[in-house]
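Some notes on the structure that comes next.
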Amino acid sequence: MIIVARNLLHAVLFLILSFVGIAGLFITLSADFVAVVQVLIYAGAIAVLMIFAVMLTPASDRGNTGNLLQLPALVLGGLIIAGATYIVIETDWREASRGPFDTTAQAIGEALLSPFVLPFEIASVLLVVALVGAIVLVRED
Amino acid sequence: MVLLLEVHVSLEQVLIVGAVLFAIGIYVALTKRNAVAVLMGIELMLNAVNLTFIAFARFVESPRPIDGHVFAVFVITVAAAEAAVALALAVAVYRYRTTIDMGKINLLRW
């Protein structure tokens with residue numbers, strides 16, 4: 000639907016719909032914390048940012064049109080689906096026999112603050128850099 | 000919530016859904032003219048990767064199975080930062096050229 004929607008804003012709305020659907024998939028995989036984060040950040044923040052970007056560029060083409068790469072991209076997408084499906088079916092994944100997780104938020108918090116402290120801090124620095132960079136880029140002067 | 004937790008999915012099904020999502024994302028990112036639409040394709044690809052991480056964390060034998068969730072949270076963080084910077088770039092380029100058509104932005108052409 001993101002591909003075929005005529006209006007770019009409708010495409011953004013369908014993107015939000017697919018984000019919420021993926022959050023539902025996360026819940027079926029017993030990843031409740033990641034599902035909540037997905038709804039908050041993707042369906043909330045990123046979607047609002049995208050709608051803002053579409054609204055702030057009014058004279059640009061709203062048509063959601065394609066370019067000349069359509070056939071090669073279609074072939075590439077088909078190849079990805081076929082290859083990944085073949086690998087998924089042929090590989091032995093050593094599946095665990097344990098059941099679904101109970102609650103994941105506490106375990107994620109402990110993992111973030113004991114083995115993953117350095118990536119956690121780097122992620123916070125990255126967020127600050129992105130914030131300052133975005134403000135500097137759109138500042139009028 | 001309880002109803003959704005009762006649903007039984009297998010690893011292969013989720014991985015194939017992830018592959019299809021990734022293919023849709025790469026198609027959108029390669030074919031759309033508007034920069035915002037290209038960014039939407041990239042977000043779809045990141046989402047497919049997240050789905051794969053969560054599926055592996057749920058199903059595959061591992062000493063620390065929650066690490067997949069931590070990595071998915073990091074991917075979401077980086078995707079948020081990337082989306083903010085890319086949309087700011089789109090607005091800045093729009094101020095300069097009054098278009099965000101990927102085919103017409105050739106500022107770096109010499």
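From first to last, the protein sequence lines stand for chains P and G.
Here the first sequence stands for residues 0 to 140, where the numbers follow numbering that gives the first Met the number 0.
Here the second sequence stands for residues 0 to 109, where the numbers follow numbering that gives the first Met the number 0.
All C-beta atoms in this analysis are idealised placements derived from N, C-alpha and C, irrespective of residue type, glycine included.
Please read all numbers here as calculations on a predicted model, not as lab measurements.
With 16 other Cβ atoms within 10 Å as the buried cut-off, status of I75 (chain G): The residue is buried, with at least 16 neighbouring Cβ atoms inside 10 Å.
For the alpha helix (DSSP H) containing R96 (chain G), name the first residue and the last one. Per DSSP, R96 (chain G) belongs to the alpha helix (DSSP H) from 66-96.
For N105 (chain G), does the three-state DSSP call read helix, strand or coil? Assignment of N105 (chain G) by DSSP, reduced to helix, strand and coil, places it in the coil class.
Supposed contact pair A122 (chain P) and F73 (chain G) - C-beta distance, whole angstroms, cut 8 Å: 6 Å
Under 8 Å from the C-beta of Y26 (chain G): neighbouring residues of chain P: Here the neighbours are I2, A72, L73, L75, G76.
C-beta contact flag for I183 (chain P) and V59 (chain G) at 8 Å: Nothing can be reported for residue 183 (chain P): it is not among the residues displayed for chain P, which extend from 0 to 140.
Beta-carbon contacts of I25 (chain G) that lie in its chain and below 8 Å, excluding the five residues immediately before and after: G40, M44
Who are the Cβ neighbours of L38 (chain G) in its own chain at under 6 Å, not counting the five residues just before and after it? A85
First through last residue of the alpha helix (DSSP H) which encompasses I26 (chain P): 7-27
Between G:H7, G:L29, G:A83, G:N105, which lies nearest to A54 (chain G) when the distance is taken from Cα to Cα? G:H7
For E139 (chain P), which three-state DSSP category applies? coil
Identified DSSP bridge partners for V87 (chain P): According to DSSP, V87 (chain P) bridges with nothing at all.
I want to verify the contact list: residues of chain G whose CB lies under 7 Å from the CB of L68 (chain P), in sequence order. L29, T30
Environment of T70 (chain P) [buried if 16+ CB atoms lie within 10 Å]: Here the sequence assigns Leu to residue 70 (chain P), which means Thr is not the residue at that position. A residue is called buried when at least 16 other Cβ atoms come within 10 angstroms of its Cβ; L70 (chain P) does not meet this threshold and is exposed.
Compare the C-beta of N33 (chain G) with all C-beta atoms of chain P and state if any pair is closer than 8 Å. yes
Roughly how far, in whole angstroms, is the beta-carbon of V87 (chain P) from the beta-carbon of I23 (chain G), given that I think they are within contact range, below 8 Å? Wrong, their Cβ atoms sit about 17 Å apart, outside the cutoff.
Determine whether the beta carbon atoms of A78 (chain G) and A133 (chain P) lie at a separation below 8 Å. no
To the nearest angstrom, report how far apart Y93 (chain G) and W92 (chain P) are at their CA atoms. 47 Å
I'd like to know whether the C-beta of R108 (chain G) is nearer than 8 Å to at least one C-beta of chain P. R108 (chain G) is outside the set of residues whose beta carbon lies under 8 Å from a beta carbon in chain P.
Sub-8 Å separation of V53 (chain P) and L7 (chain P) beta-carbons: yes
Residue from P:P114, P:T27, P:L126, P:G23 whose Cα sits closest to the Cα of Q37 (chain P): P:G23
How big is the Cα-Cα spacing for F115 (chain P) and L78 (chain P)? One C-alpha to the other measures close to 36 Å.
Have a look at the DSSP bridge pairing and note the partners of N33 (chain G). G:D100
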